[in-house]
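Heads up, the thing below is written out as structure tokens.
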């Protein structure tokens, strides 16, 4: 009998929210596809997304539409939560030591590089090269949602591993968005953003623990970044990293920690509201006039292959090499077949892939529709095959959690 330590309440709550939210996201994406292809209703769906609500916040975008509010404002809240999760894991969680970071960092890096190589080898250069990062991201909510459907057939160690890989993956995606998809920058607005960010850090250092000053400054920071030319969602991550945290390793979250309080408050709204709304607003693609041959077009095929093939090769291959070289041990309590199944699930790139696709081909509705088809095909194939592999893999252990007191262990009993 071996014992595997489990993070305290933050990670348990995160996994619970992500699992249930992932299932809601699946239904939201399916509903978007249905609505986008129903005669009479589809016109209303697309008209609503492009409905101008005003005002003109930035000359770059013109009047704000429902779609822009979802992608540039609400998704900034999503990235704010991502930033909180990243900081929590690096300061007070599963990634707080180099020994714990080694495997997730290597797996996430390989899981971004190999899909990009697969994409470029199929799509080639030219105008399609801008989409190289589309298959590089993993949708943690969708993937954890699929794992939740497997129940105890998915070892807890694999859920924790997939979560940490996806968090490191999110860091890479944020860096890509900031560097690769920023066309022009206003130095003045970026300087204003830097001052706001500095003020947030100063508040944390000064011992301020009330949430409202950080939230108010985060809103101002979003506006400055929105005007600067850098994608506004980057403001969410930057603001989150400035929120102070009171570490409480191997114990329940500190009740006075601003970061933990914000994370717990935001997680349900993001998981059950913002992410499904983003899926509904971005997954809808009209299939009228399209034939199955569209899947073999360079862009959809490159994305689907990058997600389905690139992710599994990159992640599983890096874990195998890390184990063989002694660099890092694979997740405990799981067979190689189960690890392979989780590497397959990492090919679900839904939310982040759609988001990056919109940045890669702005204003080109034809290519954006092809991005959606490729992302949906690659993510669906990864989900189905990954689920099947994990469902058929022999169970090595039974996971029996102790009563949830916010801390404890999970006991792994061999059958």
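Residue numbers (the numbering used here): 27 to 441. Beta carbons: idealized from backbone N, C-alpha and C, even for Gly. Please read all numbers here as calculations on a predicted model, not as lab measurements.
Which whole-angstrom value is the C-beta distance of residue 134 and residue 198, which I expect to be below 8 Å? With a Cβ gap of about 6 Å, residue 134 and residue 198 count as contacting.
Assigned secondary structure, residue 208 (DSSP; H/G/I helix, E/B strand, else coil): For residue 208, the secondary structure class from DSSP, reduced to helix, strand or coil, is coil.
So for residue 189, helix, strand or coil by DSSP? helix
Where does residue 272 fall in DSSP's three states? DSSP places residue 272 in coil when its eight states are reduced to three.
Which residues DSSP lists as bridging residue 443, in chain order: Residue 443 lies beyond the residue range present for the chain, which begins at 27 and ends at 441; the question has no answer from this structure.
Same chain, Cβ closer than 7 Å to residue 225, five either side skipped, listed in chain order: Excluding residues within five positions, the ones whose Cβ falls inside 7 Å are 243.
Excluding five sequence neighbours on each side, which residues of the same chain lie with their C-beta closer than 8 Å to the C-beta of residue 205? none
Between residue 387 and residue 397, which are expected to be in contact by the criterion C-beta below 8 Å, what is the C-beta distance as a whole number of angstroms? 7 Å
Residue 291 to residue 267 span [Cα, whole Å]: 17 Å
How about residue 174: is its Cβ closer than 7 Å to a heavy atom in the ligand ATP? For the ligand ATP, the structure offers nothing, since it holds no ligand at all.
Report all residues from its chain with a CB closer than 8 Å to the CB of residue 320; omit the five preceding and five following residues, and keep chain order. Sequence-distant Cβ neighbours of residue 320 in its own chain, meaning closer than 8 Å and more than five residues away, are 326, 396, 399.
Is it right to say residue 366 is buried, meaning 16 or more other beta carbons lie within 10 angstroms of its own, or is it exposed? That one is buried.
Counting C-beta neighbours from all protein chains within 10 Å, is the total for residue 136 16 or more, i.e. buried, or is it exposed? buried
With burial defined as no fewer than 16 other Cβ atoms inside 10 Å of the residue's Cβ, what is the status of residue 529: buried or exposed? As shown, the chain starts at 27 and ends at 441. That puts residue 529 outside it, with no answer to give.
From residue 176 to residue 47, what distance separates their C-alpha atoms? 15 Å
For residue 305, which residues from the same chain have a beta carbon less than 6 Å from its beta carbon, with the 5 sequence-adjacent residues on both sides left out? 51, 54, 55
Measure the C-alpha to C-alpha separation of residue 49 and residue 375 and round it to an integer number of angstroms. 15 Å
Please classify residue 235: does DSSP put it in a helix, a strand, or coil? Reduced to three states, the DSSP call for residue 235 is coil.
Nearest-angstrom Cβ-Cβ length linking residue 159 and residue 341, presumed shorter than 8 Å: About 17 Å; that fails the 8 Å criterion.
Excluding five sequence neighbours on each side, which residues of the same chain lie with their C-beta closer than 7 Å to the C-beta of residue 250? Setting aside the 5 residues that flank it on each side, residue 250 is surrounded in the same chain by 215, 218, 219, 222, each with a C-beta closer than 7 Å to its C-beta; the list follows chain order.
By the three-class DSSP mapping on this structure, what secondary structure does residue 122 have? coil
Out of 168, 91, 155, which one is the CA nearest neighbour of residue 370? 168
Residue 131 beta carbon less than 8 Å from that of residue 196: Result no, Cβ atoms of residue 196 and residue 131 do not sit closer than 8 Å.
Quick check on residue 378: does DSSP put it in helix, strand or coil? helix
Please name the residue, chosen from 368, 372, 418, that lies closest to residue 182 on a Cα-to-Cα basis. 368
Please report how far the alpha carbon of residue 26 lies from the alpha carbon of residue 372, in whole angstroms. Since the first residue shown for the chain is 27 and the last is 441, residue 26 is missing from the structure and cannot be characterised.
Just the Cα atoms here: how many angstroms apart are residue 68 and residue 155? 31 Å
Are the beta-carbon atoms of residue 141 and residue 333 separated by less than 8 Å? yes
Taking the CB atoms as reference points, tell me whether residue 166 and residue 126 lie closer together than 8 Å. no
Starting from residue 364 and walking both ways along the alpha helix (DSSP H), at which residues does that stretch end? 362-371
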